[in-house]
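Residue numbers (the numbering used here): 277 to 592. Contents: one structure, followed by commentary.
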């Protein structure tokens, strides 16, 4: 890792999440996307930028690899470390996913790591945040590849494979041993939401908007259960559903959407583009999160959404 991540002297670590840029070919909307990203970076002064997939549009880009390079140029030029996980469009846009990985490994300030060949997907890796006072681990960030579409006849989004879940469990156990506790503060970033995002909206209290529904996998392979059992992940951060920006707490894990950041991404023209901000505090199993929108406004206290359904167990 060329740029070690570290908590600041004040004990904070700030992350900006961009998602669903849907870059075309450098048209006026793409330039608006770049300007918006630049404004967010200037306003928030993050320690890390994470882009959670769908950087380029699926079919409309003329030269997908060059388009990707253009799309992330604002992040590259700002000099701040950044990470990336694949979205479904990275598998559907004509880019060779392995060629994209080679590009990512060469881009300045990029912390992307090619995941193990024995694990499904390409962007499975872990970033460590060092303590402000030493090189000891202070927090972990799991970058996970949620794939594209399932090839099964019933269709829908792909799901995490068993070897990805096993890989996460091994990584979590190793870092818990290094940290000296299973309570290492950790976050997870990926593109397609888990089935539990539907569960928390239907049966729990959420904050924010669900304007799109949740196109989660039809098969639940247990990634959330693994995170719950390992005890380190405090929150998950996804995109994919352009018009959703809600979050809710399920069994101690906060499930967070980020709304679309790109002006060529599908959505009403009057729907403000946004970025999610996450702030960790060293030594605490807690994080703050808010959104910064294209007009410069902040969503700090989003609208509360009560449960839509009654939990049949009667225990929620």
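Each residue gets a CB set at the ideal place from its N, CA and C atoms; glycine is no exception.
Q: Alpha carbon to alpha carbon, how far is residue 467 from residue 484? Give it in angstroms, no decimals.
A: Numbered from its first residue, the chain shown carries residue 484 at position 208. Numbered from its first residue, the chain shown carries residue 467 at position 191. Straight-line Cα distance between these residues: approximately 18 Å.
Q. Grouping DSSP H, G and I as helix and E and B as strand, with all else coil, what is residue 378?
A. What you label residue 378 is simply residue 102 of the chain shown in a count that begins at 1. Here residue 378 sits in helix by DSSP.
Q) Can you check whether the CB of residue 323 is closer than 7 Å to the CB of residue 295? A) As a first step, residue 295 must be located in the chain shown, where it is residue number 19. As a first step, residue 323 must be located in the chain shown, where it is residue number 47. No, these two residues do not count as a Cβ contact at 7 Å.
Q. Leaving out the 5 sequence neighbours to the left and right, which residues in its chain are closer than 8 Å to residue 415 when beta-carbon positions are compared?
A. The residue given as residue 415 occupies position 139 in the chain shown. Excluding sequence neighbours, residue 415 sits near 283, 289, 404, 405, 460, 461, 462, 463, 556, 558.
Q) Beta carbon of residue 347, beta carbon of residue 380: below 7 Å? A) As a position in the chain shown, residue 347 is number 71, starting the count at 1. As a position in the chain shown, residue 380 is number 104, starting the count at 1. No, the pair does not count as a contact, with Cβ atoms beyond the cut-off.
Q.
Once the 5 residues before and after residue 570 are set aside, which same chain residues still bring their CB inside 6 Å of it?
A. Residue 570 sits at position 294 when you count from the first residue of the chain shown. For residue 570, where only same-chain residues beyond five positions count, the Cβ hits under 6 Å are 312, 548, 549.
Q: Pick out whichever of 508, 476, 339, 488 has its Cα sitting closest to the Cα of residue 455.
A: The residue you call residue 455 lines up with position 179 of the chain shown. The residue with the shortest Cα to Cα distance from residue 455 is 508.
Q: Indicate whether the contact test is met: 3 or more Cβ pairs, each with one atom in the stretch 350-370 and one in the stretch 417-425, closer than 8 Å.
A: yes
Q. If you run the structure through DSSP and keep just helix, strand and coil, what is residue 278?
A. The sequence position of residue 278 within the chain shown is 2, counting from 1. Because residue 278 carries a pLDDT of 44, less than 50, the predicted location of this residue cannot be relied on, and the following value inherits that uncertainty. Reduced to three states, the DSSP call for residue 278 is coil.
**Q.** Candidates 432, 435, 412, 351: closest to residue 384 by CA position
**A.** Along the chain shown, read from residue 1 onward, the residue named residue 384 stands at position 108. For residue 384, the nearest C-alpha among the options comes from 351.
Q | residue 307 in three-state terms, based on DSSP | A | Residue numbering aside, residue 307 sits at position 31 when the chain shown is read from its first letter. If DSSP states are grouped into helix, strand and coil, residue 307 belongs with the helices.
Q. Using the beta-carbon count (16 or more within 10 Å), is residue 537 buried or exposed?
A. Sequence index remark: in the chain shown, residue 537 carries index 261 (1-based). Buried, by the Cβ-count rule.
Q. Using CA coordinates, which residue listed in 516, 530, 315, 397 is at the minimum distance from residue 328?
A. Walking along the chain shown from the start, residue 328 turns up at place 52. Of the candidates 516, 530, 315, 397, the one whose C-alpha sits nearest the C-alpha of residue 328 is 516.
Q | C-beta contact flag for residue 305 and residue 540 at 7 Å | A | Along the chain shown, one-based indexing puts residue 305 at 29. Along the chain shown, one-based indexing puts residue 540 at 264. Against a cut-off of 7 Å, the Cβ pair of residue 540 and residue 305 comes out as a contact.
Q) In or out: residue 544 buried (at least 16 other Cβ within 10 Å) or exposed? A) Against the chain shown, residue 544 aligns to sequence position 268. Label assigned to residue 544: exposed.
**Q.** Secondary structure of residue 478, DSSP reduced to three states
**A.** Looking up residue 478 in the chain shown gives position 202. It is helical.
Q: Please list, in chain order, all residues of the same chain as residue 357 whose beta carbon is under 6 Å from its beta carbon, the five residues on each side excluded.
A: Against the chain shown, residue 357 aligns to sequence position 81. The answer, listed in chain order, is 279, 324, 385, 387.
Q) Can you tell which of 343, 281, 335 has its C-alpha closest to the C-alpha of residue 307? A) Position 31 of the chain shown, counted from the first residue, corresponds to residue 307. It is 343.
**Q.** Closer than 7 Å to chain E by CB, residue 447
**A.** Going by chain labels, chain E is absent from the structure shown, which holds only one protein chain.
Q: In the DSSP assignment, find the beta strand (DSSP E) that holds residue 441 and state where it starts and stops.
A: Translated into positions along the chain shown, residue 441 becomes position 165. Note, residue 441: premise wrong, no beta strand (DSSP E); alpha helix (DSSP H) at 438-455.
Q. Can you tell me where the beta strand (DSSP E) with residue 346 in it begins and where it stops?
A. Numbered from 1 along the chain shown, position 70 holds the residue referred to as residue 346. Counting along the chain, residue 346 falls outside any beta strand (DSSP E), though it belongs to the alpha helix (DSSP H) covering 340-347.
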